[in-house]
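First the structure, in the form of structure tokens, and then the observations on it.
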Amino acid sequence: MWRSQEKDWLGNGEYTRKNYTFDSSCLKCHANILKVSDGNITRKTNQMHEKYVQFKGTKDAMKCTDCHKHVGHKNLGSMLYEQKFHQPNSWDEWEKERNK
Numbered sequence: 118m119w120r121s122q123e124k125d126w127l128g129n130g131e132y133t134r135k136n137y138t139f140d141s142s143c144l145k146c147h148a149n150i151l152k153v154s155d156g157n158i159t160r161k162t163n164q165m166h167e168k169y170v171q172f173k174g175t176k177d178a179m180k181c182t183d184c185h186k187h188v189g190h191k192n193l194g195s196m197l198y199e200q201k202f203h204q205p206n207s208w209d210e211w212e213k214e215r216n217k
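Reminder that position 70 of the sequence shown reads as 187 in the numbering used here, one-by-one numbering, no gaps.
Shown next as structure tokens:
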């Protein structure tokens, strides 16, 4: 039987980011990022988001995760690290892990 603990979720983060993180998810909350007149965004940021719009639908199309590499579920990286390299905090916890 396959168990989630046996899968290297942390090591496969880049593959997952590239293949299973979709711009549509980002743009549900961040649609205003594509507005050039947004005064809350620096000029450099505007330039990069303009490139995103310019190349959309072409062979040079960009994904949000091309630049924003650590996005997605909040604290996902640290949670996966903790699961992979978890250190028991008590003797009972150590025994439980040892007897799995």
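For each residue, glycine too, the CB sits at the ideal point set by N, CA and C.
Since we're looking at a predicted model, the values are computed, not measured.
Assumed close pair residue i, residue j - CB separation to whole angstroms, cut-off 8 angstroms
{"i": "D140", "j": "K180", "result": "6 angstroms"}
Residue i - DSSP class collapsed to helix/strand/coil
{"i": "G130", "result": "helix"}
{"i": "V188", "result": "coil"}
{"i": "F172", "result": "helix"}
{"i": "Q200", "result": "helix"}
{"i": "A148", "result": "helix"}
For residue j and residue i, the rounded distance between their alpha carbons
{"i": "K173", "j": "N206", "result": "49 angstroms"}
{"i": "Q171", "j": "E214", "result": "52 angstroms"}
{"i": "A148", "j": "H203", "result": "38 angstroms"}
{"i": "E167", "j": "W211", "result": "52 angstroms"}
{"i": "D209", "j": "G128", "result": "29 angstroms"}
{"i": "N216", "j": "D125", "result": "21 angstroms"}
{"i": "E131", "j": "V188", "result": "11 angstroms"}
{"i": "K145", "j": "S195", "result": "25 angstroms"}
{"i": "C143", "j": "L197", "result": "21 angstroms"}
Beta-carbon contacts of residue i that lie in its chain and below 8 angstroms, excluding the five residues immediately before and after
{"i": "C184", "result": "M165"}
CB of residue i within 8 angstroms of CB of residue j, strictly
{"i": "K152", "j": "T182", "result": "no"}
Neighbourhood of residue i by C-beta, 7 angstroms cutoff - its chain only, sequence neighbours within 5 removed
{"i": "Y169", "result": "M179"}
6 angstroms CB neighbourhood of residue i in its chain, flanking five on each side removed
{"i": "I150", "result": "H166"}
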